[in-house]
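**Student:**
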Amino acid sequence: MEIKNTSIIEWEITPSEKRERLQQFISKTWWIILSFIIFSFFSFYSGFWSTKIQHGTNAALKELLFIVIAVAVGILLIYFFNKINPYQLRTFRLDNAGVQISKGKKKKSYSWNEFECFYVYTTYRGYTPNKETDLGKIFKAEEQIMGDIFYLKKKQTTFLSKLYKTFIVIYSEPNNLGDIFSFLKDKLPQKIMTATTDFGLIFYEFK
């Protein structure tokens with residue numbers, strides 16, 4: 001549920017919404033994920049498979065069957081965990097003063113001057129996937145069903161804080177990710193994640 005006007009955006013993600021959306025995402029993308037992992041494995045280990053085939057197709061087929069079963073079991077475990085996981089209610093509020101987030105009984109407020117910048121999950125490490133590829137289809141389905149994730153980086157103002165990085169995590173809904181992005185863009189500079197952005201000692205709040 002979302003409440004918004006020109007200076008306030010409020011929404012919540014209930015446990016049932018989280019569970020239903022993840023179940024829908026898995027149901028819609030499991031075969032894409034399976035094919036993507038298998039194709040990536042074949043591409044990465046092309047020399048390994050050539051060696052296996054030289055020793056007989058049976059060995060290669062056994063390895064392939066093992067990979068398919070392992071990936072399928074992994075997807076089923078995620079599906080089962082989603083059924084039993086006691087998700088907590090999440091609430092979010094963005095206004096001119098700052099950010100208010102709650103997860104279960106934990107609640108905290110932040111002012112905008114506490115943050116250095118923000119990052120968008122779907123542009124992780126500067127890569128925006130082609131929507132026609134398997135990876136692009138997964139990202140697109142995630143946006144449409146789950147929404148997006150925004151990482152707000154806190155300023156490193158003290159000597160000790162320069163030894164680690166802290167990110168505040170905001171989960172959007174499918175229908176308000178554009179509004180959230182525009183609101184954050186108006187308050188903070190956007191940066192693209194690189195290989196070193198989340199490297200080292202990292203702390204996430206409300207992940």
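Take the sequence shown: its position 42, counted from the start at 1, is 42 in my numbering, and no numbers get skipped.
For every residue, glycine included, the Cβ atom is placed at its ideal position computed from N, Cα and C.
Computed from a prediction, not measured in an experiment: that's the story for all the values here.
Whole angstroms is fine: what's the gap from Pro174's alpha carbon to Ser102's?
**Tutor:** Roughly 19 Å between the two C-alpha positions.
**Student:** Below 8 Å between beta carbons: does that hold for Ser7 and Asn113?
**Tutor:** No, these two residues do not count as a Cβ contact at 8 Å.
**Student:** Between Thr122 and Asp148, what straight-line distance do the alpha-carbon atoms span, to the nearest angstrom?
**Tutor:** So the two alpha carbons sit approximately 7 Å from each other.
**Student:** Measuring only the C-alpha atoms, how far is Arg93 from Lys187?
**Tutor:** Answer to the nearest angstrom: the Cα atoms are 14 Å apart.
**Student:** Could you check which residue in Leu76, Glu143, Val169 has the C-alpha nearest to that of Lys154?
**Tutor:** Selected option, being the one with the closest Cα: Val169.
**Student:** Measure the alpha-carbon distance for Ala72 versus Trp31 and round it to whole angstroms.
**Tutor:** Going from the Cα of Ala72 to the Cα of Trp31 covers about 9 Å.
**Student:** Taking DSSP as the reference, what is the three-state secondary structure of Tyr87?
**Tutor:** Tyr87: coil per DSSP, three-state reduction.
**Student:** Is Tyr164 helix, strand or coil by DSSP?
**Tutor:** Coil at Tyr164, not helix or strand.
**Student:** The ligand NAD heavy atoms versus the CB of Asn82: any closer than 7 Å?
**Tutor:** Among the components modelled here there is no ligand, and therefore nothing to report on the ligand NAD.
**Student:** My assumption, with CB atoms under 8 Å, is that Pro189 sits in contact with Leu89. Please give the rounded CB distance.
**Tutor:** With a Cβ gap of about 31 Å, Pro189 and Leu89 do not count as contacting.
**Student:** Taking the Cβ atom as the reference point for each residue, do Phe203 and Thr157 lie within a distance shorter than 8 Å?
**Tutor:** In this structure, Thr157 does not lie closer than 8 Å to Phe203 by Cβ.
**Student:** Name the two residues that bound the continuous beta strand (DSSP E) containing Phe203.
**Tutor:** Phe203 -> beta strand (DSSP E) spans 202-205.
**Student:** Per DSSP, which residues does Lys153 bridge with? Please list them.
**Tutor:** DSSP lists Cys117, Phe167 as partners of Lys153.
**Student:** Can you tell me the Cβ-Cβ gap for Asn82 and Leu163, rounded? I've got them flagged as a contact below 8 Å.
**Tutor:** Not confirmed; about 36 Å, so no contact.
**Student:** Roughly how many angstroms separate the alpha carbons of Ser27 and Phe36, rounded to a whole number?
**Tutor:** Taking the straight line from one Cα to the other gives about 15 Å.
**Student:** So Ser187 is in the alpha helix (DSSP H); what residue range does that whole segment cover?
**Tutor:** Checking the displayed sequence, the identity of residue 187 turns out to be Lys instead of Ser. From DSSP, the alpha helix (DSSP H) with Lys187 extends over 177-187.
**Student:** In three-state terms, what does DSSP make of Phe199?
**Tutor:** Coil at Phe199, not helix or strand.
**Student:** What's the call for Ser182, buried or exposed, on a 16-neighbour Cβ count within 10 Å?
**Tutor:** With fewer than 16 other Cβ atoms within 10 Å, it is exposed.
**Student:** Assuming Lys105 is part of the beta strand (DSSP E), what are its boundary residues?
**Tutor:** Neither: Lys105 is in no beta strand (DSSP E) and is coded neither H nor E.
**Student:** Out of Ile13, Trp11, Ile33, which has the shortest C-alpha to C-alpha gap to Ala141?
**Tutor:** Checking every option, the nearest Cα to that of Ala141 belongs to Ile33.
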